[in-house]
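Start counting the sequence shown at 23; every next residue gets the next number (the numbering used here). Backbone N, C-alpha and C define an ideal beta-carbon position, used for all residues, glycine too.
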Amino acid sequence: MTNRQKIEYLQKYVQSKGAVDDIRLDIQEWEGRKDGLGAAHISDGARGSGESNIVEMAIQAIDDLINCYSCEILRLTDLTAEIETCIKSACKNRIEWRVMRLRYIHGVQWGVIEESVGLKKRQVQNIHTRIIDRLAAGEKTYLHIDG
Numbered sequence: 023m024t025n026r027q028k029i030e031y032l033q034k035y036v037q038s039k040g041a042v043d044d045i046r047l048d049i050q051e052w053e054g055r056k057d058g059l060g061a062a063h064i065s066d067g068a069r070g071s072g073e074s075n076i077v078e079m080a081i082q083a084i085d086d087l088i089n090c091y092s093c094e095i096l097r098l099t100d101l102t103a104e105i106e107t108c109i110k111s112a113c114k115n116r117i118e119w120r121v122m123r124l125r126y127i128h129g130v131q132w133g134v135i136e137e138s139v140g141l142k143k144r145q146v147q148n149i150h151t152r153i154i155d156r157l158a159a160g161e162k163t164y165l166h167i168d169g
């Protein structure tokens, strides 16, 4: 896998996480609309029929978003598992593993990673560079980490 392919792969992961967050917000928005419309007076006359259609449209939109959400969660789960496997295969110790997971699975900023693992900026950068080089070379270490 070339570095360009790795970058594209990680971008897919970030995009998938963003899509999940966007869909979650859309569902919340439609739930709020539906709840607000459900409290509206709906008459049996011709004027009221439009109101019930709006509620039905909101319910359908929520159902569609939930289906999209489920598909995106499955995609994100698959990508996460593949990235986890890739990280485990390139790390030789728990600190390397933690740096890479914090960065690529959780999207944590470098400064927070430094504080979290108790290392200086340069040390974290060296770890990251070392792992990326191992991945580029196809070197596998098969670190066994539980949990």
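Taking a contact as a CB-CB distance under 8 Å, the pair Lys142 and Trp132 does not count as one, their CB atoms being some 11 Å apart. Here Leu101 is near Lys34, since their CB atoms are less than 9 Å apart.
A residue is called buried once 16 or more other Cβ atoms fall within 10 Å of its Cβ, and Ile88, having fewer, is exposed. DSSP places Glu136 inside the alpha helix (DSSP H), whose first and last residues are Trp132 to Val139. Secondary structure of Lys110 (DSSP, three-state): helix. Glu118: member of the alpha helix (DSSP H) spanning Arg116 to Tyr126, first to last residue. Residue environment: Leu96 is assigned as exposed (fewer than 16 neighbouring CB atoms within 10 Å of its CB, all protein chains considered). Between Ile153 and Ile127, the gap from beta carbon to beta carbon reaches 9 Å or more. Per DSSP, the unbroken alpha helix (DSSP H) holding Lys143 starts and ends at Lys143 to Ala159. Annotated three-state conformation of Gly129 is coil, per DSSP. With fewer than 16 other beta carbons inside 10 angstroms of its own, Arg26 counts as exposed. When secondary structure is reduced to three states using DSSP, Lys162 falls in the coil class, being assigned neither helix nor strand. Your pair Ile45 and Glu118 does not check out as a contact, with CB atoms roughly 33 Å apart and the cut at 8 Å.
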